[in-house]
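So the number in the numbering used here is just where the residue sits in the sequence shown, counting from 1, plus 18.
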Amino acid sequence: MAFAAAGLKTHIWNNNLRSIILLVGYPFLMGAIVWATAAAIGYFMGQSAGPHAPHGAIATHFANGFIAQYWPLIGTAVAIWFIIAWFFNTRMVRMLSHAKPVTRTEEPALYNLLENLCIARGLPMPQLNIIETDALNAFASGVQRSDYTVTVTRGLLNTLQPDEVEGVLAHELTHIINHDVRLLMVCIIFTGMIGFAMQLVWSSVRYGLYMPRSGNNRNNGGTVIIALVILLILAIGYGASLLTRFALSRRREYMADAGAVELTRNPDAMMRALQRISGRDHIPAVPDDVALMCIENDHAFMGLFATHPSIEDRIRALSTMTGTPIPSASGTEKSDNPLNPWVR
């Protein structure tokens with residue numbers, strides 16, 4: 019476990035560094051996208067100057083002038099978006115996931131489990147939420163201590179045994195300890211900006227395709243071409259941001275599994291919890307950005323665009339790290355044990 023502890027400390031430091039890099043890097047990515055978009059517009063505008071005109075120079079000059087004139091406005095819009103998302107992320111996640119805050123009186127067994135884990139690590143108690151669905155899943159969210167939240171589904175509580183629920187809660191607490199939730203939220207905020215811009219451009223393209231044609235068909239066609247080029251540029255930027263987000267998500271799950279075992283000293287329960295969750299994690303009507311934060315998301319793309327490593331890989335990693343045999347599948351069948359305090 020000492021190796022795992024050292025690895026977690028390094029992971030926390032790396033996450034803090036990555037957060038800083040992303041906070042600095044994403045605005046530069048946004049700037050590059052805006053510049054490339056302006057250059058594309060400038061290039062098509064330069065077509066009217068004739069075939070022998072320096073189209074590249076015209077495009078560069080237009081893009082530089084556009085950035086110089088509108089960068090303060092663009093920067094202000096990005097800053098406002100970021101501030102709103104940063105301070106209201108908890109409400110937005112709760113609304114999108116249809117989660118309900120619960121208290122000790124409403125869920126005493128669950129609340130006590132989470133509180134005991136927090137006491138063991140010297141952490142303040144996060145807000146506890148429940149989603150009323152039969153799916154088996156959980157996630158942590160928030161960007162600062164005052165809004166850290168752990169959310170679990172009713173299906174998970176009704177299916178897992180208490181020691182398995184404890185493992186899941188410890189997994190989510192590790193995401194908070196490691197600052198994974200903050201790092202992921204930064205990624206989601208900036209990726210959302212690019213995605214929103216793509217939606218606006220795509221709406222413009224559709225409007226240009228279906229609007230009634232007049233005598234200036236050539237101009238209308240040129241406008242659609244420009245919009246399509248802009249959409250392509252935005253798609254490239256969006257794809258790059260998604261790859262970054264997915265790569266960060268995959269690694270953080272392994273580290274959170276290891277942190278949960280370090281906290282509970284019960285690798286067998288963590289592996290059993292993952293086995294029970296496998297294939298039963300899908301929460302209907304939850305957006306992809308929220309699903310990305312869940313303990314399991316097997317409905318996402320595989321390979322390079324996978325948001326989570328497979329359950330099998332995670333269980334093997336835990337077994338190898340702790341020297342604990344992988345539990346048999348027969349030991350993780352759904353239990354109707356009336357001693358389970360969450361079954362209703």
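Note that beta-carbon positions come from the ideal geometry of N, C-alpha and C, so glycine has one too. Predicted model, so just to flag it, every value in this text is computed and none were measured.
Where the beta strand (DSSP E) containing residue i begins and where it ends
i	result
A158	156 to 159
A117	117 to 119
For residue j and residue i, the rounded distance between their alpha carbons
i	j	result
D331	Y256	28 Å
A278	A253	37 Å
H276	L336	Checking the sequence shown, residue 276 turns out to be Ala, not His. Answer to the nearest angstrom: the Cα atoms are 7 Å apart.
W53	F46	10 Å
A50	G74	17 Å
T55	A81	8 Å
I101	I344	45 Å
R270	S346	26 Å
I92	A86	11 Å
G83	I76	11 Å
L187	G43	32 Å
A103	L128	29 Å
L141	E184	16 Å
C312	L132	17 Å
T151	A138	30 Å
S221	L249	10 Å
E124	I149	14 Å
N196	K118	25 Å
W89	P72	25 Å
I39	C205	11 Å
E280	T338	14 Å
M48	A97	12 Å
Residue i, DSSP secondary structure in three states
i	result
T151	coil
T169	strand
L310	coil
R122	coil
R283	coil
M320	Confidence at M320 is low in this model, with a pLDDT of 49, below 50, so its placement is unreliable and the value that follows should be read with caution. Reduced to three states, the DSSP call for M320 is coil.
S346	coil
P72	coil
H79	helix
Q162	coil
M19	Annotation note: pLDDT 46 at M19 (below 50); position unreliable, no value reported.
L357	At L357 the pLDDT is 41, less than 50, meaning the model places this residue with poor confidence and gives no usable figure here.
CB contact below 7 Å: residue i versus chain C
i	result
Y61	Of the chains in the structure shown, none is chain C; there is only one protein chain.
Sequence-distant residues of its chain with Cβ nearer than 6 Å to residue i (five each side left out)
i	result
M63	none
V304	S115
E190	A156, A158, V168
M320	Any reading at M320 must be qualified, since the residue scores a pLDDT of 49, below 50, and its modelled position is unreliable; no value is offered.
I194	A158, Y166
A274	H189, T192, H193
Enclosing alpha helix (DSSP H) for residue i [first to last residue]
i	result
H193	180 to 195
F132	One point to set straight first is that residue 132 is Leu, not Phe, in the sequence displayed. Note, L132: alpha helix (DSSP H), 126 to 139.
T340	329 to 340
M143	Note, M143: premise wrong, no alpha helix (DSSP H); not H, not E.
D299	No alpha helix (DSSP H) contains D299, which DSSP labels as neither H nor E.
Contacts around residue i, its chain only, beta-carbon distance under 8 Å, and the 5 residues preceding and following it disregarded
i	result
N130	R122
T108	Q145, S159, G160, D165, T167
Q162	R200
H79	G60
L35	none
S143	The sequence shown places Met at residue 143, not Ser. Once the five neighbours on either side are set aside, the close Cβ partners of M143 are L132, E133, C136.
A24	In this prediction, A24 has a pLDDT of 48, which is less than 50 and means its spatial position is unreliable; what the coordinates show is noted afterwards. The answer is none, since no qualifying residue turns up.
A272	The displayed chain sequence assigns Tyr, not Ala, to residue 272. If we look at Y272 and ignore the five residues flanking it on each side, its Cβ neighbours are P327, R332, A335.
Residues near residue i in its chain [Cβ-Cβ closer than 7 Å; skip 5 each side]
i	result
V111	S159, V308
A215	L252
L292	I329, R332, I333
D181	N284, A287
A58	I244, V247, I248, I251
Touch test, the segment 286 to 301 against the segment 196 to 215, Cβ-Cβ under 8 Å, three pairs minimum = no
Give a yes or no on contact between the segment 291 to 304 and the segment 149 to 157, applying the rule of three or more CB pairs nearer than 8 Å.
-> yes
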